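Report on the following structure.
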Amino acid sequence: MIMKRVFSGIQPTSDSFHLGNYLGALKQWVELQDGHDGFYCIVDLHALSGEIEPTLLRKRTLSSAAQLIALGISPETSTLFVQSQVPHHNQLGWLMECLAGFGEASRMTQFKDKSAKGGAESARVGLFTYPMLQAADILLYQANLVPVGEDQRQHIELTRDLAGRFNTRFGQTFTIPENFILKSAAKIQDLQDPFSKMSKSSGSSAGVLEIMDTPESNMKKIKSAATDAGREVKFDEKEKPGISNLLAIHSALSGQTITALESEFEGKGYGDFKIAVADVVVEYLRPIRAKALELLEDENHLVDLLHVGAAKARTVATETLEKAYKNLGTVA
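FYI, in my numbering the residues of the sequence shown are 1214 to 1545.
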């Protein structure tokens, strides 16, 4: 039986992934390795559409790789690599740009949202063409499944449209990926603003639980998390968003049901509950952080692992790009 191929990527735009990244996507990347041919990419070229600081980009790319391995992405089982080490992404990206219409590119909501913040005049062209490079990332590996969040649905639909358009005009070339929108195991909100999703773009880092933060830092953040009126530990997203968020975090990491946790903390105050949540988070993240730090201490070995992954990726990418060029009529 031929395994379906999975492709997904993540930008190296911070020193650490956070708990929302993990429970919303990365945990499921790890689970998808079982029974699938996984291609997981650190998309450093996409990160260039924002502010660039070379030293930080390199550091964060390696940190991202270390964290992915520490979280359970196996370089032996899956193909883990850095996007810029496979130049085929740029080449197929240009083909996708030439295939896409200006109108459909203009309708991408992420470009409109991000360019609106700084003004369209200051927005980089790379931010506008980002979805076409993302389509190339996926199609290059003939991916069947692309596990992404709901916010990326529009980009996946564009990828499917471009693949279908190319295949119709120039002959069967690309696998059209299936819709595979991740259903998060838990909706993780900001600790200080439980009505907002946990995100690095939030105003304060105090509401974000980072994988590479010290245990002491994450414990302090949880103990300082916003809570609600009353003392009852009960899941009610509307009336008790702060406590509901902490219950969701505890349940996602401990495996206990929300109902069981409500019973366990019946009659106890928020203070006791926060300590319990902090203990669960700290102990869950402790071995992951330790493994990532260990990998980062031996940078040469980590880079070697990424080079092996890039070589595997280039083998598949070369075959796809050569087929695309041949079908277009370019001279080999």
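All residues carry an ideal CB built from backbone N, CA and C; glycine is no exception. Note that the structure is predicted; figures quoted are calculated from it, not measured.
With a 10 Å radius around the Cβ and a threshold of 16 neighbouring Cβ atoms, residue 1221 comes out buried. Bridge pairing for residue 1221: 1253 [DSSP].
The secondary-structure analysis by DSSP pairs residue 1295 across a beta bridge with 1255.
Secondary structure note for residue 1342: its alpha helix (DSSP H) is the uninterrupted segment 1338-1352.
Shortest Cα-Cα distance from residue 1297 to any of 1481, 1427, 1225 involves 1225. Selection 1275, 1303, 1354, 1219 evaluated against residue 1513 yields 1275 as nearest (Cα-Cα). Note that the C-beta distance between residue 1505 and residue 1424 is below 9 Å. When the alpha-carbon of residue 1391 is set against those of 1373, 1289, 1230, the nearest one is in 1373. Comparing C-alpha distances from residue 1263 to each of 1290, 1342, 1455, 1364 shows the shortest one belongs to 1342.
CA-to-CA, the gap between residue 1237 and residue 1290 works out to about 22 Å. For residue 1531, the CB contacts under 8 Å within the same chain, skipping 5 residues up- and downstream, are 1301 in chain order. For residue 1527, the closest alpha carbon among the candidates 1474, 1223, 1421, 1252 is that of 1252. Less than 9 Å separates the beta-carbon of residue 1309 from that of residue 1349. Unbroken alpha helix (DSSP H) stretches of 4 residues or longer found wholly inside the segment 1482-1529: 1483-1510, given in chain order. If you ignore the 5 residues before and after residue 1285, its C-beta comes within less than 6 Å of the C-beta of 1243, all in its own chain and listed in chain order. Residue state for residue 1326 is assigned as helix, using DSSP reduced to three classes. Here residue 1344 has 1321, 1368, 1371 as same chain residues with Cβ atoms under 6 Å from its own Cβ, once five neighbours each way along the sequence are excluded. Bridge partners of residue 1394 according to DSSP: 1361. With a cut-off of 8 Å on Cβ pairs, the segment 1483-1502 is in contact with the segment 1459-1473, counting three or more such pairs. Residue 1411 is positioned such that its CB atom lies no closer than 9 Å to that of residue 1395. The C-alpha of residue 1351 lies about 40 Å from the C-alpha of residue 1439. Sorting 1307, 1480, 1293 by C-alpha distance to the C-alpha of residue 1522 places 1293 at the top. By the neighbour-count definition (other C-beta atoms within 10 Å, threshold 16), residue 1488 is an exposed residue. Going by beta carbons, residue 1250 and residue 1219 fall inside the 9 Å limit. According to DSSP, residue 1463 shares a beta bridge with no other residue. No residue range can be given for residue 1446, since it is assigned to no alpha helix (DSSP H) and is classified by DSSP as neither H nor E.
Beta-bridge partners assigned by DSSP to residue 1423: 1231. Under the three-state reduction of DSSP output, residue 1304 falls in the helix class. C-alpha of residue 1447 to C-alpha of residue 1475: approximately 6 Å in a straight line. Assignment of beta-bridge partners to residue 1402 by DSSP yields 1410. Bounds of the alpha helix (DSSP H) holding residue 1243 are 1240-1245. Of the other Cβ atoms in all chains shown, 16 or more fall within 10 Å of the Cβ of residue 1458; this residue is therefore buried. Here residue 1536 is not bridged, per DSSP, to any residue.
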